[in-house]
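Protein chains in written order, with this note's numbering: chain U, 5 to 155; chain A, 5 to 155.
There are 2 protein chains.
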Amino acid sequence: MAEFPARLGIGQVAERTGLSVHALRFYEHEGLFVNPVRRDPGGRRVYTEDDVDWLTVCIILRASGMPLPALRRYTELVRQGHGNEEQRLALLREHQASVTDQMRKLTECLDLVRFKIGVYEDLLDQPVADRRCHAASDEDAPRLASARATH
Amino acid sequence: MAEFPARLGIGQVAERTGLSVHALRFYEHEGLFVNPVRRDPGGRRVYTEDDVDWLTVCIILRASGMPLPALRRYTELVRQGHGNEEQRLALLREHQASVTDQMRKLTECLDLVRFKIGVYEDLLDQPVADRRCHAASDEDAPRLASARATH
DNA sequence: CTAGGAGCTAGAGTCGGCTCTAGGTCAACC
DNA sequence: GGTTGACCTAGAGCCGACTCTAGCTCCTAG
Chain U
5 MAEFPARLGI GQVAERTGLS VHALRFYEHE GLFVNPVRRD PGGRRVYTED
55 DVDWLTVCII LRASGMPLPA LRRYTELVRQ GHGNEEQRLA LLREHQASVT
105 DQMRKLTECL DLVRFKIGVY EDLLDQPVAD RRCHAASDED APRLASARAT
155 H
Chain A
5 MAEFPARLGI GQVAERTGLS VHALRFYEHE GLFVNPVRRD PGGRRVYTED
55 DVDWLTVCII LRASGMPLPA LRRYTELVRQ GHGNEEQRLA LLREHQASVT
105 DQMRKLTECL DLVRFKIGVY EDLLDQPVAD RRCHAASDED APRLASARAT
155 H
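Next comes the structure, spelled out in structure tokens:
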């Protein structure tokens, strides 16, 4: 079970992570790798599985809207090693707050969209003759004031 | 109960919606208003409450990542009036799918962040002496392979 | 009558996050 | 030995969604 390090080329890493080779070089340039990326004798980048794992984390954080500067700060803290756990924790908590806020907004939107979809589905269920003027039955609309309009 | 139309200036609309006056002019230029924005004798924009309601919808859709072109298409459908409800429905369903997908990604991120926060909280709870080497207790890590690393 | 404030237009600038180009190196195969 | 094909660097370009600027008009208050 002797694990041998598995050294990957940039193309392989691109394929595994879904990032482009351009993006990988860009991320390196932006300081998003915990360890400096090694080079082979020809000057080509050589990545490890650890790099791929770290990139996976980065991708998830990016997909949840963490900006590159924050990701860089976090990377730097990890690179520095033990002793700054409070700072990492603070950064993570901040991002957690941002994510839950995004989810709140998305939920609000989903309510609106579901309401509107319901309106249109009902409308399209009616026999064609009955359609059009229907605008006044606005009474029991949900609290989303803006959703009242039948647009 | 005779509602009188309440004509608003661009500054008032900006204040109510949270959009900048620049953004309001920009949105108009981009065709995001259902009805053409009226002007007073001096050429200034005059908005109605309906405009503000519509903007509120736009803001929610934008905040959930709907791009301006999609918002413009939807606006155009509404502007055209009855007869294109299927298309509106299709557009809304598409956006609904996009929103639920975003929520899926955010949930994944939240799992990761919560896990890491947990790790750091535990770590900081330990008496200082016991800290550092702790890296090998990776057994029962959650399925998120990438979350295993104690970074 | 003039100073301030809100509004106008057209168009330039900004920012984040890549993406692409130009011009080159290197190793492997036919 | 010529041709791929993967990789390299530095830097330019792009896209979306605003944001800002310059130079103007208009209204109101003092």
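All C-beta atoms in this analysis are idealised placements derived from N, C-alpha and C, irrespective of residue type, glycine included. Quick caveat, the model's predicted, so the values are computed rather than measured.
Just the C-alpha distance for SER1(U) and GLY22(A), rounded to the nearest angstrom, thanks. Because chain U is modelled from 5 through 155, residue 1(U) falls outside the range shown and cannot be assessed.
Is it buried or exposed for SER68(U), if we count other Cβ within 10 angstroms and need 16 for buried? buried
Does DSSP put ARG43(U) in a helix, in a strand, or in coil? strand
Taking 7 Å as the limit between beta carbons, can you name the residues of its chain near ASP44(U), skipping five residues before and five after? VAL50
Pick helix, strand or coil for LEU12(U), following the three-state DSSP scheme. strand
What are the residues that DSSP puts in a beta bridge with TYR51(U)? LEU12(U)
Of all Cβ atoms in chain A, is any one closer than 9 Å to the Cβ of ILE121(U)? yes
Taking C-beta pairs closer than 9 Å, name the residues in chain U that TYR124(A) reaches, listed in chain order. GLU89, GLU90, ARG92, LEU93 and LEU96
Out of GLY13(U), GLU90(U) and VAL38(U), state which residue places its alpha-carbon closest to the alpha-carbon of TYR124(A). GLU90(U)
Rounded separation between VAL38(U) and VAL17(U) - CA only: 16 Å
Within a Cβ cutoff of 7 Å, which residues of the same chain sit near GLU34(U), ignoring the five residues on either side of it in sequence? LEU72 and ARG76
Using a 10 Å radius around the Cβ and a threshold of 16 neighbouring Cβ atoms, would you call THR111(A) buried or exposed? exposed
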